[in-house]
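Reviewing the structure listed below.
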Amino acid sequence: GSFDATLLGSAFHRCAQFAVETGCIPDQARRVTIGHTYGLSEEQLLRLDAACQAYFASEVYAQTQQFDNRQAEVPFYVPVGHGDNQGFLEGEIDALCYNDARGEAFVVDYKTGGSPAESASQLHQKHLLQASCYAYALLHSGFQRVRLAFVRVEQRDEVGMPQVVHYEF
Numbered sequence: 002g003s004f005d006a007t008l009l010g011s012a013f014h015r016c017a018q019f020a021v022e023t024g025c026i027p028d029q030a031r032r033v034t035i036g037h038t039y040g041l042s043e044e045q046l047l048r049l050d051a052a053c054q055a056y057f058a059s060e061v062y063a064q065t066q067q068f069d070n071r072q073a074e075v076p077f078y079v080p081v082g083h084g085d086n087q088g089f090l091e092g093e094i095d096a097l098c099y100n101d102a103r104g105e106a107f108v109v110d111y112k113t114g115g116s117p118a119e120s121a122s123q124l125h126q127k128h129l130l131q132a133s134c135y136a137y138a139l140l141h142s143g144f145q146r147v148r149l150a151f152v153r154v155e156q157r158d159e160v161g162m163p164q165v166v167h168y169e170f
């Protein structure tokens with residue numbers, strides 16, 4: 002069910018966070034430990050393992066390694082609107098990468114599950130609002146340009162790598 006999918010997603014996020022924060026890809030023993038922490042079934046552990054292997058072999062993961070600063074689970078809280086119409090945009094970025102000049106931010110958002118039947122344009126629309134919110138928050142905080150990669154770690158592209166939806170602001 003969807004509850005299980007949430008657990009798998011959370012476990013994957015922890016594995017990716019481990020890689021961002023330590024600079025080391027979690028080995029199978031660590032992935033199993035993380036999976037057990039989230040109560041994953043044997044089948045879900047296999048899905049977690051496959052998702053990790055695919056993501057850590059991907060071009061997007063390689064791109065993250067080219068930045069001086071890499072942070073996982075970065076919260077943001079920025080004002081939107083004015084006066085009586087003012088509100089706040091709040092969220093958390095899975096992985097934020099940038100160099101010290103802070104000209105460009107590179108954001109990675111991990112997606113587990115999904116359907117192979119979704120078209121490129123459907124996927125672009127599906128994640129556009131979330132991508133726009135992340136970009137708004139980062140541009141508001143002083144970045145000049147924001148590139149985002151939404152990585153579908155359980156769906157493969159034509160060369161067998163995780164499917165990626167790209168955005169630029």
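Using our numbering, you'd call the opening residue of the sequence shown number 2 and step up by one each time.
Where is the CB? At the ideal position from N, CA and C, for every residue including glycine.
Spatially closest choice to residue i from the options, by CA coordinates
i, options, result
"G161", "S142, G143, P117", "P117"
"V152", "S142, H167, R146", "H167"
"K112", "F170, V21, K127", "K127"
"A20", "N86, L97, L47, L124", "L97"
"I26", "A58, L140, H141", "A58"
"D28", "E44, L49, E60", "L49"
"Y135", "V165, S122, E169, E159", "E169"
"D95", "T65, E159, S122", "T65"
"L41", "Q145, V165, G10", "G10"
"E60", "V109, L47, Q45, G24", "V109"
"F107", "A132, H37, S122", "A132"
Contact belief for residue i with residue j at Cβ below 8 Å, rounded distance in angstroms
i, j, result
"R148", "E105", "7 Å"
"A12", "I35", "5 Å"
"Y56", "P163", "6 Å"
"E93", "V75", "7 Å"
Inter-residue Cα distance where the pair is residue i and residue j
i, j, result
"L8", "H14", "10 Å"
"F77", "D101", "19 Å"
"G143", "Y137", "10 Å"
"A17", "H83", "37 Å"
"A73", "N86", "31 Å"
"R157", "R103", "32 Å"
"G114", "E155", "6 Å"
"R32", "H141", "36 Å"
"D69", "A150", "18 Å"
Residue i (DSSP reduced to helix, strand or coil)
i, result
"D101", "coil"
"V152", "strand"
"G92", "strand"
"V160", "coil"
"A118", "coil"
"H128", "helix"
"H83", "coil"
"Y56", "helix"
"V21", "helix"
"Q64", "helix"
"Q1", "Any answer about residue 1 is impossible in this case: the structure gives the chain only from 2 up to 170."
"Y39", "coil"
Outcome for residue i when other beta-carbon atoms lying within 10 angstroms are tallied against a minimum of 16
i, result
"S120", "exposed"
"F89", "exposed"
"P80", "exposed"
"A63", "exposed"
"L130", "exposed"
"L47", "exposed"
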